[in-house]
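Trainee: Mind having a look at this structure? Questions to follow.
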Amino acid sequence: MAADDRPFVGYEDRLNRVLSYIYENLDEDLNLDKLADVACMSRYHWHRVFRAMTGETLSEVVRRLRLNKAANALIEDNTPVRAIAEQVGYKNLASFSRAFKLTHGVSPNAFREQGNKINSFLTVNPKEDGMYPVTVMEFEGAQAAGVAHIGPYRLIGSAFKKLGCSLMANSLMDNVGELFCIYHDLPESKPDAELRSHVAVSILSGFPDQLNGFDYFDVSGGKYAVLEHTGPYPTLKSAYDWLYGNWLPNSGLEPRDLPPLEVYLNDPRATPSSDLRTDIRLPLQ
1 MAADDRPFVG
11 YEDRLNRVLS
21 YIYENLDEDL
31 NLDKLADVAC
41 MSRYHWHRVF
51 RAMTGETLSE
61 VVRRLRLNKA
71 ANALIEDNTP
81 VRAIAEQVGY
91 KNLASFSRAF
101 KLTHGVSPNA
111 FREQGNKINS
121 FLTVNPKEDG
131 MYPVTVMEFE
141 GAQAAGVAHI
151 GPYRLIGSAF
161 KKLGCSLMAN
171 SLMDNVGELF
181 CIYHDLPESK
191 PDAELRSHVA
201 VSILSGFPDQ
211 LNGFDYFDVS
221 GGKYAVLEHT
231 GPYPTLKSAY
241 DWLYGNWLPN
251 SGLEPRDLPP
261 LEVYLNDPRA
271 TPSSDLRTDI
281 RLPLQ
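Here it is as structure tokens:
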């Protein structure tokens with residue numbers, strides 16, 4: 001094995017360790033925190049790495065493995081369907097039967113009659129090289145002020161408008177630095193209506209200590225991986241997937257337990273969407 005492949009293999013080992021833990025504990029509450037601990041990585045970054053490398057979310061894998069294990073148990077012996085459902089974490093038989101039919105196309109009893117076993121496996125997306133430029137850089141910490149957004153991330157545009165209007169109304173455009181966004185929660189970790197994010201600016205001298213409607217906080221300095229993205233904002237998802245699913249596993253580096261910053265380098269009101277420049281800054285240990 002080539003030396004430059006080893007970091008990626010290390011991340012594959014984490015995937016396999018988590019997969020084994022899931023399969024051996026399918027009757028437990030397999031939440032994000034617990035599985036991130038098994039992987040020895042921050043819950044925020046581990047979920048992104050897992051999804052980018054496999055193409056599935058952790059909850060999708062848990063559900064698939066539960067139903068695959070149940071399918072095999074159905075044809076191994078005559079254990080009652082209700083007991084098998086409980087063995088894989090389903091306390092309600094009707095819920096289990098619906099989920100089973102949705103996944104396997106037939107009811108548990110019909111599957112038992114068919115008698116075909118299911119393979120349980122975790123796929124790893126193929127590696128791609130050179131898709132986005134990434135640089136590891138040191139940044140100084142900064143003070144920031146921002147507008148909080150609670151709710152689905154797709155509706156965060158209202159926070160951008162509120163921030164811009166407040167800065168202009170208070171004549172503060174000359175007292176701010178970079179414009180960025182922080183997504184504090186994983187979309188899968190809670191209902192969309194409870195997701196927390198901030199649209200914010202780094203603040204310079206002359207910015208008021210208190211401004212109605214703004215939250216003030218510090219942005220940590222230190223080492224960051226900076227991915228340079230050029231193009232429409234909706235294509236940022238592919239950049240995130242490549243950063244977490246390819247660059248990070250091959251880098252040999254570990255992320256810090258902080259969400260990345262999405263930094264906007266030019267004005268979308270005066271820039272064609274194909275020329276929009278965005279940095280994804282991933283905090284590193």
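1 is the number of the first residue of the sequence shown in full-length UniProt numbering; add one for each residue after it.
C-beta: ideal position from N, C-alpha, C; glycine also.
Since this is a predicted model, take the numbers as computed values, not measurements.
(1) What are the partner residues of Ala145, as DSSP defines its beta bridges?
(2) Which same chain residues, not among the five before or five after Ala193, have their C-beta less than 8 Å away from its C-beta?
(3) With DSSP run on the structure shown, which of helix, strand or coil describes Cys40?
(4) Kindly confirm or deny that the region 247-260 and the region 41-53 touch, where touching means at least three C-beta pairs closer than 8 Å.
(5) With DSSP collapsed to three states, give me the class of Val61.
(6) Could you check which residue in Ser189, Tyr233 and Asp37 has the C-alpha nearest to that of Arg154?
(7) Please determine if the region 130-143 and the region 159-172 are in contact, where contact requires at least 3 C-beta pairs separated by less than 8 Å.
(8) So for Tyr264, helix, strand or coil by DSSP?
(9) For the region 77-93 and the region 26-39, state whether three or more C-beta atom pairs, one from each stretch, are separated by less than 8 Å.
(10) Would you call the region 166-185 and the region 198-214 touching, i.e. three or more CB-CB distances under 8 Å?
(11) To the nearest angstrom, report how far apart Leu93 and Ala99 are at their CA atoms.
(12) So, does the region 73-80 touch the region 262-278, judging by three or more C-beta pairs under 8 Å?
Mentor: On the basis of the coordinates in this document:
(1) Val201 and Tyr216
(2) Ile150, Gly151 and Pro152
(3) coil
(4) yes
(5) helix
(6) Tyr233
(7) no
(8) strand
(9) yes
(10) yes
(11) 10 Å
(12) no
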